[in-house]
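K.L.:
Numbering (mature numbering (1 follows the signal peptide of the UniProt record, and there is no 0)), first residue to last: -32 to -1, 1 to 156. Dropping a structure here in C-alpha cells format, bear with me for questions.
As C-alpha cells, then:
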C-alpha cells in the first residue's frame, strides 16, 4: 500500500467531504416537499364590513364646480375693474382652487383662503361673522380664520360643502359681492 503525504491526505479528504456534502444536499433538495400552506381563513372573517349606522355620507364640490365658481367670481370682479384673488375650499377647509387676478395684491392670496375657510367653518357669510365678534371677540383667535367681509359658504341641503373667499377689492362688501357671484354660478 502506498503512503500518502500529509498534504495529499488533507487534499483528498477535502475533496471527499465536498463531494459527499454536494451529494447529500442535492438529495435533500430533490426530495424535500414544499411546506404545506396554512389553510386560508375565509375572507369574510378577516375583513368585515362596517355597519351602515357607523357611516356618514357627505357631499363634496367637484374640482370642475370649484373652478367654475372661481372663474365666475373673478369675472364679476373684473367687470367692476377690481383686482382680486378668489379661493374655493372644500368642507374641510382644504383649498381646491385659487385664482389670483391680474394686479391683485400679495396679501390677497392668503386672505382669500382664510375668508373661504371661515365661511365654510361657520356656514355663514364672513360679513355676518364680523358682527358676532361684538359678543364673542375670541372667535378671531381660532387659527386659519379671518373675520372680514368677503367669504361666502356654498351649501347643499342646508349643509356647508365649500367656501368661497375673495380679497383685494377696496371693501369687504365688494369682496363678498363677488364671492356670492361665484356661489350663484353653481346654481346655474
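All C-beta atoms, glycine included, are put in the ideal place defined by N, C-alpha and C.
Can you grab the Cα-Cα spacing for the pair residue 40 / residue 77, in whole Å?
P.N.:
If I take the Cα positions, the gap works out to 17 Å.
K.L.:
Alpha carbon to alpha carbon, what distance is there between residue 23 and residue 17?
P.N.:
11 Å
K.L.:
Considering only the beta carbon of each residue, do residue 134 and residue 118 sit closer than 8 Å?
P.N.:
yes
K.L.:
Check whether the stretch 50 to 57 and the stretch 134 to 154 are in contact - that is, three or more C-beta pairs closer than 8 Å.
P.N.:
The stretch 50 to 57 makes contact with the stretch 134 to 154, as at least three CB pairs between them are under 8 Å.
K.L.:
Quick one: is residue 105 buried, meaning 16 or more other Cβ sit within 10 Å of its Cβ, or exposed?
P.N.:
exposed
K.L.:
In whole angstroms, what separates the C-alpha of residue 153 from that of residue 36?
P.N.:
7 Å
K.L.:
Tell me the residue span of the alpha helix (DSSP H) that contains residue 82.
P.N.:
Here the alpha helix (DSSP H) through residue 82 covers 75 to 90.
K.L.:
Drop a sphere of 10 angstroms on the beta-carbon of residue 74, count the other beta-carbons inside from all chains shown, and report buried for 16 or more, exposed for fewer.
P.N.:
exposed
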